[in-house]
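Asks: Oh and the sequence shown: position 228 is 228 in full-length UniProt numbering, straight run, nothing missing. Where is the CB? At the ideal position from N, CA and C, for every residue including glycine. If you're wondering where the values come from, they're calculated on a predicted model, not measured in any experiment.
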Amino acid sequence: MPVELPLAPLQRLTLPWLAKAQVEAAILRLDLIDPLVSGNKWFKLRHHLEQALDAKAPGLVSLGGNHSNHLHALAAAGKRLGLATAGLLRGHPRQTPTVQDLQAMGMQLHWLGYEGYRGRNEAGFWTPWHTHYPGWHCIPEGGGGQAGAQGCASIVTQLHAQLATLGWSDYDAWWLAAGTGTTLAGLVLAESGAHAVHGALAVPEHYGVAETVAALAGTQGYRLHSASLGGFGKFDDQLLAFIADCEQQAGVPFEALYTGKALLALKAQVEAGLFAPGTRLVFVHTGGLQGRRGYL
Ligand SMILES: *Cc1c(COP(=O)(O)O)cnc(C)c1O
């Protein structure tokens, strides 16, 4: 059963440091596709949702932290499609705005502790959950894997369908935040080398993003840039001030874990001269705004 994805609006992105380097930029607003299922997670979940519907699975089960954009999107998508959802959470019970939403959307929560969560990639991890939720569709952390990457390939189609609205006949490169690298891999697959894809790493190098992308999409057609600022989920006042400036100048909201860091890394590269004057860039707003309640 096909799951339809709403079209993400394409807008011009105007910021003084882009103008100064004569770099033209557009922003593909995945954050605006749906009030609840925000950003790239809808694209990553699409094929998983189709598989679950085709298999007539009674529900969906996946894992994440207590601010997880992925679990948030899964709970909303499940509710929308009439599928039950269960979330396996890292750590101990804690009431965050995200957790409150998960409960309100009817997701069944199981807190695994930190030790229990660390076992998520071990053989046999899913066995008790298959018993607990017979026939449910299990989705890997973050909605990754081939199914996730393939769902993200349609981000490229969505851009192409709207390029003319900017008066652009073509573009030079993509810029987006990478966590697992699944979304980036989807773009690389869809582009097959036609346009460069730049990933700003929201996680430290040792998280193995390069290996994930290589396994999903090969080693060509993209470049990864460090952008984690000391670790996943870490941010400081300087980043928050930068985000506030960009929001005011561009009229677009960003958060501090992914999109804000990606934008800051872009500024550094633009100022270092990575892009020649006249370059046309497409920044993907991967969403995640639900997670910023509590700090912005
Ligand atoms: C999950 C997420 C990402 C990372 O996506 P990957 O496919 O794991 O690289 C980027 N931005 C936001 C806002 C996210 O929620």
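Locate the alpha helix (DSSP H) running through Leu184, then write down its first and last residues.
Replies: Looking up residue 184 in the sequence shown gives position 184. That run of the alpha helix (DSSP H) goes 182 to 191.
Asks: Using a threshold of 8 Å, state whether the C-beta atoms of Gly287 and Leu30 are closer than that.
Replies: Looking up residue 287 in the sequence shown gives position 287. Looking up residue 30 in the sequence shown gives position 30. Closer than 8 Å, so yes.
Asks: Excluding the 5 residues preceding and the 5 following Gln220 in the sequence, name in chain order all residues of the same chain whose CB lies nearer than 7 Å to its CB.
Replies: As a working note, residue 220 is residue 220 in the sequence shown. Excluding sequence neighbours, Gln220 sits near Gly193.
Asks: Could you give the DSSP three-state label for Ser154: helix, strand or coil?
Replies: To locate residue 154, count along the sequence shown from 1; it is residue 154. Residue state, collapsed to three classes: helix.
Asks: So is the beta-carbon of Leu201 under 7 Å away from any non-hydrogen atom of ligand 1?
Replies: For the purposes of this step, residue 201 is identified with residue 201 of the sequence shown, where counting begins at 1. Outside the cutoff, so no.
Asks: According to DSSP, is Arg94 part of a helix, a strand, or is it coil?
Replies: Position 94 of the sequence shown holds residue 94. Correct three-state label for Arg94: coil.
Asks: Could you spell out the range, first to last residue, of the beta strand (DSSP E) harbouring Ala227?
Replies: Stepping through the sequence shown from its first residue, residue 227 is reached at position 227. Segment: none, Ala227 is in no beta strand (DSSP E) and carries neither H nor E.
Asks: I want to check one thing, is the minimum distance from the CB of Lys261 to the heavy atoms of ligand 1 below 7 Å?
Replies: In the sequence shown, the residue the question calls residue 261 occupies position 261. No, since every heavy atom of ligand 1 falls outside the 7 Å radius drawn around the Cβ of Lys261.
Asks: Below 8 Å CB to CB, which residues in the same chain sit around Val252 once its five sequence neighbours on both sides are set aside?
Replies: Looking up residue 252 in the sequence shown gives position 252. Within the same chain, Val252 has close Cβ partners Gln11, Leu13, Ile27, Arg29, Cys246, His285.
Asks: Can you tell me whether Met1 is buried or exposed? The criterion is at least 16 other CB atoms within 10 Å of its CB, across all chains shown.
Replies: In the sequence shown, the residue the question calls residue 1 occupies position 1. It is exposed - the Cβ of Met1 has fewer than 16 other Cβ atoms within 10 Å.
Asks: Considering only their Cβ atoms, is the gap separating Gly186 from Ala153 smaller than 8 Å?
Replies: Locating residue 153 in the sequence shown gives position 153, where the first residue counts as 1. Locating residue 186 in the sequence shown gives position 186, where the first residue counts as 1. Contact flag set, yes.
Asks: Provide the residue(s) that pair with Ala200 in DSSP beta bridges, ordered along the chain.
Replies: Counting from 1 along the sequence shown, the entry for residue 200 is found at position 200. Looking at the DSSP assignment, Ala200 forms a beta bridge with Ala177, His225.
Asks: DSSP three-state call for Ala215: helix, strand or coil?
Replies: Against the sequence shown, residue 215 aligns to sequence position 215. Residue state, collapsed to three classes: helix.
Asks: Answer with buried or exposed for Tyr295, where buried requires no fewer than 16 other C-beta atoms within 10 angstroms of its C-beta.
Replies: Residue mapping note: residue 295 aligns to position 295 of the sequence shown, counting from 1. Looking at its Cβ environment, which holds fewer than 16 other Cβ atoms inside 10 Å, Tyr295 is exposed.
Asks: Is any non-hydrogen atom of ligand 1 found closer than 7 Å to the C-beta of Ala265, if you look at the structure I gave you?
Replies: Residue mapping note: residue 265 aligns to position 265 of the sequence shown, counting from 1. Checking the Cβ of Ala265 against ligand 1 gives no.
Asks: Please name the residue or residues paired with Cys138 in a DSSP beta bridge.
Replies: One-based indexing of the sequence shown puts residue 138 at position 138. BP columns for Cys138 point to Val61.
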